[in-house]
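The letter at position 45 of the sequence shown is residue 221 when you use full-length UniProt numbering, and the numbering goes up by one with no holes.
Single-structure report; data block below.
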Amino acid sequence: EVLNPAPQDLAGKRIVITAGPTHEPIDPVRFIGNRSSGKMGIALAGEAARRGAAVTLVLGPTSLDVPCGVECVRVQTAAEMLQAALSAFQTADAAICAAAVADYTPAAPADHKLKKANERLDRIELVETVDILAELSRQKGERCVIGFAAETDNVVEYAERKLARKGCDVIIANDVSRTDSGFGTDTNKAWIVSTTGTQELPVLTKPQLADTILDLLQKL
Ligand code: CTP
Ligand code: CA
177 EVLNPAPQDL AGKRIVITAG PTHEPIDPVR FIGNRSSGKM GIALAGEAAR
227 RGAAVTLVLG PTSLDVPCGV ECVRVQTAAE MLQAALSAFQ TADAAICAAA
277 VADYTPAAPA DHKLKKANER LDRIELVETV DILAELSRQK GERCVIGFAA
327 ETDNVVEYAE RKLARKGCDV IIANDVSRTD SGFGTDTNKA WIVSTTGTQE
377 LPVLTKPQLA DTILDLLQKL
């Protein structure tokens with residue numbers, strides 16, 4: 177670090193980053209979740225802070241450490257993540273949504289542990305969660321909002337549709353079908369998808385991909 181200090185090219189910028197999975201309670205014991213580790217979003221937060229940004233990391237349940245110099249708001253559910261992200265975004269210059277937010281949440285979580293013998297556990301009524309990335313994009317004005325797309329197939333095509341649907345500036349399309357990319361891995365295979373075109377990236381470590389994304393953010 178002393179020999180190779182980070183450029184302070186994000187000094188004075190406030191960036192909101194969502195990361196990790198969310199857990200949607202079925203009852204006090206059970207939840208709906210996903211395979212996200214939070215590694216990509218935590219790498220983004222660490223690199224952005226190293227480059228001088230004031231970072232608010234809105235982080236779902238994970239056991240990974242929060243990088244030093246990063247303000248972290250811990251959340252469990254998609255609803256909590258939405259509130260924290262919206263609140264931090266009010267005074268921010270940009271947002272990056274790296275979280276794997278649960279798409280559905282139980283409509284009426286039980287306040288006691290459900291018993292499999294006599295309570296309905298085979299049919300759980302679900303309601304769709306709010307799309308945090310789309311909501312931040314609606315409120316962004318001139319600010320930059322970057323999202324991710326986790327795909328197993330038709331990676332670029334699905335990411336292009338998400339870019340249009342959500343109204344963000346860029347989608348980082350992430351192939352989660354490979355052993356060297358996606359949930360829990362240390363590397364990612366990604367494409368940068370924007371309205372000006374699509375750029376394929378080589379397999380990069382998550383900190384390397386984070387720096388590439390921050391270079392792009394800096395340019396925008
Ligand atoms: N996202 C979000 N809030 C949600 C769902 C998704 O902010 N409720 C964000 C993610 O953080 C990511 C982007 O939207 O930046 C794409 O998430 P992804 O799960 O790939 O896409 P979805 O739109 O949820 O569609 P699907 O899961 O069906 O592919
Ligand atoms: Ca989803």
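Ideal Cβ positions, reconstructed from N, Cα and C, are used throughout, including at glycine.
A quick note: this is a predicted structure, and the numbers were derived from the prediction, not measured.
Looking at the strands, I want to know which residues DSSP matches up with residue i.
| i | result |
| --- | --- |
| L233 | I193 and C248 |
| N364 | L380 |
| A325 | A349 |
| V303 | T281 |
| V369 | I347 and T374 |
| E223 | Answer is none; E223 lacks a bridge partner. |
| I272 | I193 and I322 |
| E200 | I208 |
Just mark residue i as buried or exposed, buried being the case when its beta carbon has 16 or more other beta carbons within 10 Å.
| i | result |
| --- | --- |
| H288 | exposed |
| E295 | exposed |
| S213 | buried |
| A219 | buried |
| E223 | buried |
| E333 | exposed |
| E318 | exposed |
| K338 | buried |
| residue 161 | What the structure shows of the chain is the stretch from 177 to 396, and residue 161 is not part of that stretch, so it cannot be assessed. |
Return yes when at least one heavy atom of ligand 2 lies under 6 Å from the C-beta of residue i, else no.
| i | result |
| --- | --- |
| D279 | yes |
With a threshold of 6 Å (Cβ to nearest heavy atom), would residue i be considered close to ligand 1?
| i | result |
| --- | --- |
| G236 | no |
| D241 | no |
| I308 | yes |
| T305 | yes |
| A326 | yes |
| C248 | no |
| G358 | no |
| A275 | yes |
| G323 | yes |
Review point. For the 8 Å Cβ check, are there 3 or more pairs between the region 306 to 315 and the region 257 to 276?
Key: yes
**Study point:** Inter-stretch contact at 8 Å, needing at least 3 Cβ pairs: the region 192 to 212 / the region 272 to 282
**Key:** yes
Review point. On the three-pair Cβ rule with 8 Å, is the region 290 to 305 touching the region 228 to 244?
Key: no
Review point. On the three-pair Cβ rule with 8 Å, is the region 186 to 193 touching the region 338 to 354?
Key: no
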